[in-house]
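K.L.:
Sharing a structure with you now.
In the working numbering, the protein residues as written are 619 to 756.
Here it is in structure tokens:
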């Protein structure tokens, strides 16, 4: 092998080693944007039932999302509860307070205990990004 061929082969080997070392050993996928949002909620009950509160979650992704080990809690920590169940792709998940009777024609995905705060400021009631086909629109 001539000198020029050895130099070319050496350059290729060095480039291969440098390129291989510079590559990561595994691929890292970026996290998907948050797909589950609090879509609607009803707090403070009704005149007929002060416990008639509910929270509606919406899954805006194209895949089902398991809520296993998810926690939903207020800023002050009360209420706070661990979620269970699954939200279908493009679907809704309703949590009802104390009993599955708050929304008569909807089966709750989960029943929770603990009252939602009735001390809201105007900024808290904004409906940013709300998906308008939710259960509360019936």
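We put the beta carbon where it would ideally sit given N, CA and C, even for glycine.
Does DSSP put residue 577 in a helix, in a strand, or in coil?
P.N.:
Residue 577 cannot be examined here, being either before or after the span of the chain that is shown, 619 to 756.
K.L.:
Where does the unbroken beta strand (DSSP E) through residue 677 begin, and where does it stop?
P.N.:
Residue numbering aside, residue 677 sits at position 59 when the chain shown is read from its first letter. Here the beta strand (DSSP E) through residue 677 covers 672-677.
K.L.:
Return the first residue and the last residue of the beta strand (DSSP E) that residue 660 is part of.
P.N.:
Looking up residue 660 in the chain shown gives position 42. From DSSP, the beta strand (DSSP E) with residue 660 extends over 654-660.
K.L.:
Nearest to residue 682 by alpha carbon, out of 711, 671, 693, 698?
P.N.:
The residue given as residue 682 occupies position 64 in the chain shown. Per the Cα distances, 711.
K.L.:
So, is residue 702 buried or exposed, given that buried needs 16 or more other C-beta atoms within 10 angstroms?
P.N.:
The sequence position of residue 702 within the chain shown is 84, counting from 1. Counting Cβ neighbours within 10 Å, residue 702 comes out exposed, since fewer than 16 surround it.
K.L.:
With burial defined as no fewer than 16 other Cβ atoms inside 10 Å of the residue's Cβ, what is the status of residue 652: buried or exposed?
P.N.:
Translated into the one-based positions of the chain shown, residue 652 becomes position 34. With fewer than 16 Cβ atoms within 10 Å of its Cβ, residue 652 is classed as exposed.
K.L.:
Quick one: using the 10 Å Cβ neighbour count with 16 as the cut-off for buried, is residue 667 buried or exposed?
P.N.:
The residue given as residue 667 occupies position 49 in the chain shown. Classification of residue 667: exposed, given that the 10 Å Cβ count is below 16.
K.L.:
Where residue 698 and residue 704 are concerned, what is the direct C-alpha to C-alpha distance, given to the nearest angstrom?
P.N.:
Position 80 of the chain shown holds residue 698. Position 86 of the chain shown holds residue 704. Taking the straight line from one Cα to the other gives about 19 Å.
K.L.:
Going by C-alpha distance, which of 707, 725, 706 is nearest residue 713?
P.N.:
As a first step, residue 713 must be located in the chain shown, where it is residue number 95. Checking every option, the nearest Cα to that of residue 713 belongs to 725.
K.L.:
For residue 721, which of helix, strand or coil comes out of DSSP?
P.N.:
Against the chain shown, residue 721 aligns to sequence position 103. It is coil, neither helix nor strand.
K.L.:
Name the residue from 727, 656, 620 whose alpha carbon lies nearest to the alpha carbon of residue 691.
P.N.:
For the purposes of this step, residue 691 is identified with residue 73 of the chain shown, where counting begins at 1. Checking every option, the nearest Cα to that of residue 691 belongs to 656.
K.L.:
Take the Cβ of residue 687 as the centre, count every other Cβ of all protein chains shown within 10 Å, and call the residue buried at 16 or more, exposed below.
P.N.:
Stepping through the chain shown from its first residue, residue 687 is reached at position 69. So residue 687 ends up on the exposed side.
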